[in-house]
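S.K.: Could you have a look at this structure, given as structure tokens, before my questions?
In my numbering, the protein residues as written are 22 to 124.
Have a look at this one:
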């Protein structure tokens, strides 16, 4: 019974995303390098979240969503409206370039 309860708890925690996209972050878009020709680089943003909870690997989709939300929120603080991932997520961490683009 304890094992079943623990498993259920672990699965429910794995399904959660903990990061909310703030109002400023909602205005930031994620794109690729080939779409930033008319943009000015503002800076760099590194996003980090938990890749594991209680020893269990979290879903790649949930990690991606959290990293993107964190990066958008941070990029907005810099005055950027666009982010581009520098590389793939690794152990719950990802770096982004932040840009100001004319829309």
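For every residue, glycine included, the Cβ atom is placed at its ideal position computed from N, Cα and C.
In the DSSP assignment, what are the bridge partners of residue 50?
M.R.: In the DSSP output, where bridge partners are listed per residue, residue 50 has 103.
S.K.: Given residue 108, which residues of its chain have a CB within under 8 Å of its CB, disregarding the five upstream and five downstream residues?
M.R.: Same-chain partners within the cutoff: 115 and 116.
S.K.: Taking its Cβ as the centre, do 16 or more other Cβ atoms sit within 10 Å of residue 112, making it buried, or is it exposed?
M.R.: Exposed: under 16 other Cβ atoms inside 10 Å.
S.K.: Counting pairs of beta carbons, one from the stretch 55-64 and one from the stretch 95-102, are three or more of them closer than 8 Å?
M.R.: In short, these stretches touch, since the Cβ pair count reaches three.
S.K.: Using a threshold of 7 Å, is the CB atom of residue 52 nearer than that to any non-hydrogen atom of the ligand SAM?
M.R.: The ligand SAM is not part of this structure, which contains no ligands at all.
S.K.: I'd like to check one pair, residue 70 with residue 84: are the Cβ atoms closer than 8 Å?
M.R.: Yes, the pair counts as a contact, with Cβ atoms nearer than the cut-off.
S.K.: Once DSSP output is grouped into helix, strand and coil, what is the label at residue 96?
M.R.: Helix.
S.K.: Going by the beta-carbon positions, is the gap between residue 104 and residue 119 smaller than 8 Å?
M.R.: Yes, they are a contact pair.
S.K.: With DSSP run on the structure shown, which of helix, strand or coil describes residue 70?
M.R.: Of the three classes helix, strand and coil, the one that applies to residue 70 here is coil, per DSSP.
S.K.: So, with DSSP's three-state summary, where would you put residue 63?
M.R.: Correct three-state label for residue 63: strand.
S.K.: On the DSSP letters alone, give me the boundaries of the beta strand (DSSP E) that residue 115 sits inside.
M.R.: Taken as a continuous stretch (DSSP letters only), the beta strand (DSSP E) holding residue 115 covers 114-122.
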